[in-house]
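Report on one structure; see the data block that follows.
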Amino acid sequence: MKRRNFLKGVTLLAAGGALSGPVAGAAGIIPSPFDAAPASGQDGIEPLKGLSPVRSLTPEVSRPISVIVIGCGNRGRTYAGYARKFPAGMKVVGVSDILEHRARYLGDQHNVPAEMRFGHFREVFAGGKKLADAVVIATPDDRHYEPCMKALELGYDVLLEKPVAPTKKECENIRDMVKKTGRIVALCHVLRYAPYFMALREVVKSGVIGDVVNIQHQEPIQYAHMAHSYVRGNWRREDETTPIILAKSCHDLDILRWIIDKPCKYIAAAGSLSFFKAENAPEGAPRYCTDGCPHQKECPYDAVDIYTRQKKHIGVFDLEGSRDAALILSRLKDPRYKSYARCVFHCDNDQPDHYVAIMGFEDGVTASFSMDAFVPSGGRRTKIMGTLGYIEGDGKSFTVTDFLTRTPKLWNHEVAEIGEYAQSGHGGGDLRLVRDWLEAIDRRDPDHLSSSIDVAFESHMMGFAAERSRRSGNKEKIK
Ligand SMILES: NC(=O)c1ccc[n+]([C@@H]2O[C@H](COP(=O)([O-])OP(=O)(O)OC[C@H]3O[C@@H](n4cnc5c(N)ncnc54)[C@H](O)[C@@H]3O)[C@@H](O)[C@H]2O)c1
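Numbering (this note's numbering), first residue to last: 92 to 570.
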């Protein structure tokens with residue numbers, strides 16, 4: 092480890108020693124909750140101090156960036172939400188969705204004129220003219236490539252949902268097109284913008300735990316989320332979307348690559364669909380949970396319970412703000428949404444419900460990854476082993492222990508405490524990403540973004556290699 096890093100790290104952990112404190116009153120900076128010490132005393136662990144302040148979500152732009160939202164589902168609505176909170180930064184001037192009611196709902200929220208409400212994304216580009224500064228592409232995984240290439244060709248800047256595209260060739264083409272056109276493109280690897288992961292990486296970069304030698308990382312999907320998205324829902328089939336290692340866990344491969352900050356050389360993976368298949372259906376289970384299933388009370392995957400009582404994942408039902416149980420139940424019986432009422436053992440799904448991978452990075456650094464459906468709650472868990480210290484986190488809080496003092500320090504700041512970040516999903520990352528993207532557009536500075544296509548390309552190659560390995564049983568080089 093470099094001596095410079097060693098000293099820097101020691102400074103970070105020194106009792107209360109701050110690398111940079113809150114910048115009171117500075118433009119765009121809000122007082123850092125990391126330095127406000129609310130964590131003191133919790134579980135008897137000292138709070139970690141000295142991290143960079145968190146910037147406000149208010150964008151520093153010279154004018155509102157005009158945006159067309161392509162795909163007005165869950166993610167399209169999320170990103171469009173930024174414009175309602177920060178109208179000085181972004182204006183939604185167009186919407187596109189093949190489901191007319193979704194384009195209408197979002198269009199009405201943003202007062203989009205009739206001539207800027209489109210159906211299929213091809214209608215947006217049909218005139219061959221640029222109609223806004225930028226587009227948000229939040230269509231399903233297999234429908235990112237065409238609108239992204241077309242948007243770049245016409246000179247739009249792009250906020251592109253992950254994964255980039257389902258094949259290596261398409262990812263390469265998009266990467267090359269971004270280079271050729273010089274447009275500002277952010278991939279929605281939102282975790283990079285979440286205060287928790289930013290703090291985690293900052294601690295690693297400070298050198299306080301020495302050189303990273305190994306990381307253990309888990310993505311606990313959670314049993315009901317698995318059933319919703321990867322058994323009943325849109326990402327249940329690899330051929331219609333992308334393999335789950337990309338559809339769900341390109342975030343995790345990306346975070347590992349980002350924290351280790353060295354290229355990944357090889358990957359070996361295993362995993363399968365073990366549980367959610369017909370042979371495991373209890374006797375007499377009907378095709379739909381709403382058809383009087385005799386096992387309803389003892390089944391944790393009962394759709395009626397998950398949606399109408401627990402009210403989880405109800406965004407897919409186009410409830411337009413309602414949470415009414417009777418309305419949700421009627422949606423479960425409505426042919427347009429009935430697929431979400433399917434018995435988890437009677438779906439046409441093929442995504443693995445457990446997936447493990449080991450990775451070798453440059454300089455002998457290693458990482459292991461586990462994606463698990465069968466856990467009670469979500470929240471990524473990470474253990475980082477360094478030559479001088481150790482970090483352990485659960486997606487909300489983490490402790491840092493250096494081997495010299497052996498005194499753990501705690502970072503446990505709920506995003507809800509961080510003012511404007513409270514309403515932002517993915518631990519605050521969703522809206523922070525939009526802000527950085529708008530600022531990058533305004534400044535014409537791609538380096539303002541941490542999730543460029545170039546870096547996303549690398550973690551996607553890790554995902555493709557993992558899938559090759561899972562199928563072949565071989566350790567695969569990243570290429
Ligand atoms: N960054 C993240 O953390 C994150 C989280 C969830 C989903 N995603 C990704 O975001 C994308 C969208 O996911 P979602 O949850 O919003 O899905 P969704 O189904 O809620 O929304 C997608 C929308 O695209 C519309 N659409 C489909 N084909 C279209 C076309 N040809 N033209 C215009 N609109 C079309 C659909 O009708 C739908 O309303 C996916 O690629 C998904 O993998 C990313």
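For every residue, glycine included, the Cβ atom is placed at its ideal position computed from N, Cα and C.
With DSSP run on the structure shown, which of helix, strand or coil describes residue i?
| i | result |
| --- | --- |
| Pro-122 | Any reading at Pro-122 must be qualified, since the residue scores a pLDDT of 38, below 50, and its modelled position is unreliable; no value is offered. |
| Phe-209 | strand |
| Tyr-428 | coil |
| Glu-370 | helix |
| Ala-277 | strand |
| Glu-261 | helix |
| Thr-333 | coil |
| Gln-309 | strand |
| Gly-554 | helix |
| Arg-327 | coil |
| Ser-131 | Since pLDDT at Ser-131 reaches only 40, below the 50 mark, its modelled position is unreliable, and the value read off the structure follows with that caveat. Ser-131 falls in the coil class under three-state DSSP. |
| Gly-375 | coil |
| Gly-116 | Any reading at Gly-116 must be qualified, since the residue scores a pLDDT of 27, below 50, and its modelled position is unreliable; no value is offered. |
For ligand 1, any of its heavy atoms closer than 8 Å to the Cβ of residue i?
| i | result |
| --- | --- |
| Lys-253 | yes |
| Pro-311 | no |
| Val-281 | yes |
| Gly-185 | no |
| Trp-528 | no |
| Asp-425 | no |
| Ile-405 | no |
| Ala-239 | According to the sequence displayed, residue 239 carries Cys and not Ala. The answer is no for Cys-239. |
| Cys-163 | yes |
| Ile-544 | no |
| Leu-190 | yes |
| Asn-440 | no |
| Trp-502 | no |
| Arg-234 | yes |
| Ala-338 | yes |
| Thr-399 | no |
| Phe-460 | no |
| Thr-258 | no |
| Gly-210 | yes |
| Gly-167 | yes |
| His-517 | yes |
By Cβ distance, which residues of its chain are closer than 7 Å to residue i, with the 5 residues on each side in sequence left out?
| i | result |
| --- | --- |
| Ala-557 | Ile-336, Ile-358, Ala-360 and Ala-448 |
| Pro-373 | His-386 |
| His-192 | Asp-409 |
| Leu-344 | Ser-550, Met-553 and Gly-554 |
| Met-317 | Asp-444 and Ala-464 |
| Arg-561 | Ala-360, Ala-361 and Gly-362 |
Might you give, ordered along the chain, the residues of its own chain that have their beta carbon closer than 6 Å to the beta carbon of residue i, omitting 5 neighbours on each side?
| i | result |
| --- | --- |
| Arg-266 | Ile-544 and Phe-548 |
| Tyr-173 | Met-181, Leu-522 and Val-525 |
| Ala-194 | Cys-163, Val-186, Asp-188 and Arg-208 |
| Glu-453 | Lys-353 and Pro-354 |
| Tyr-170 | Val-227 and Val-525 |
| Arg-328 | Asp-441 |
| Lys-570 | none |
| Gly-210 | Ile-189 |
| Gly-486 | Gly-470 and Arg-471 |
Using CA coordinates, which residue listed in the options is at the minimum distance from residue i?
| i | options | result |
| --- | --- | --- |
| Gly-480 | Leu-418, Val-295 and Cys-355 | Val-295 |
| Gly-535 | Ile-275, Asn-325, Leu-142 and Glu-206 | Per the sequence shown, the amino acid found at residue 535 is Arg instead of Gly. Considering only alpha carbons, the answer is Ile-275. |
| Trp-502 | Gln-307, Thr-496 and Val-491 | Val-491 |
| Glu-137 | Arg-497, Ser-550 and Ser-515 | Arg-497 |
| Val-249 | Pro-144, Asp-302 and Ala-229 | Ala-229 |
| Val-457 | Tyr-247, Lys-356 and Asp-199 | Reading the sequence as shown, one finds Thr at residue 457 and not Val. Cα-wise, what sits closest to Thr-457 is Lys-356. |
| Ala-338 | Gly-564, Met-553, Ser-563 and Ile-569 | Met-553 |
| Glu-261 | Phe-288, Lys-271, Asp-233 and Leu-245 | Asp-233 |
| Arg-213 | Glu-530, Gly-486, Leu-251 and His-235 | His-235 |
| Val-281 | Thr-258, Gly-516, Ile-532 and Asp-538 | Gly-516 |
| Thr-478 | Gly-484, Ile-300, Pro-231 and Phe-465 | Ile-300 |
| Ser-340 | Asn-264, Tyr-446, Lys-368 and Tyr-398 | Tyr-446 |
| Ala-242 | Val-269, Glu-263 and Lys-253 | Val-269 |
| Lys-259 | Thr-333, Val-303 and Gln-401 | Thr-333 |
| Pro-286 | Ile-532, Tyr-512 and Glu-567 | Tyr-512 |
| Pro-238 | Ile-161, Val-184, Pro-391 and Cys-438 | Ile-161 |
Excluding the 5 residues flanking residue i on each side, which residues of the same chain have their C-beta closer than 8 Å to its C-beta?
| i | result |
| --- | --- |
| Leu-410 | Leu-418, Ile-419 and Arg-422 |
| Leu-245 | Phe-216, Gly-219, Lys-220 and Lys-221 |
| Val-395 | Cys-380, Thr-381, Gln-387, Leu-420, Leu-423 and Ala-432 |
Measuring only from the beta carbon, is residue i closer than 8 Å to any heavy atom that is part of ligand 2?
| i | result |
| --- | --- |
| Pro-231 | Ligand 2 is absent from the structure shown, which contains only ligand 1. |
Any beta-carbon of chain B closer than 9 Å to the one on residue i?
| i | result |
| --- | --- |
| Ala-376 | Here chain B cannot be found, since the structure has a single protein chain. |
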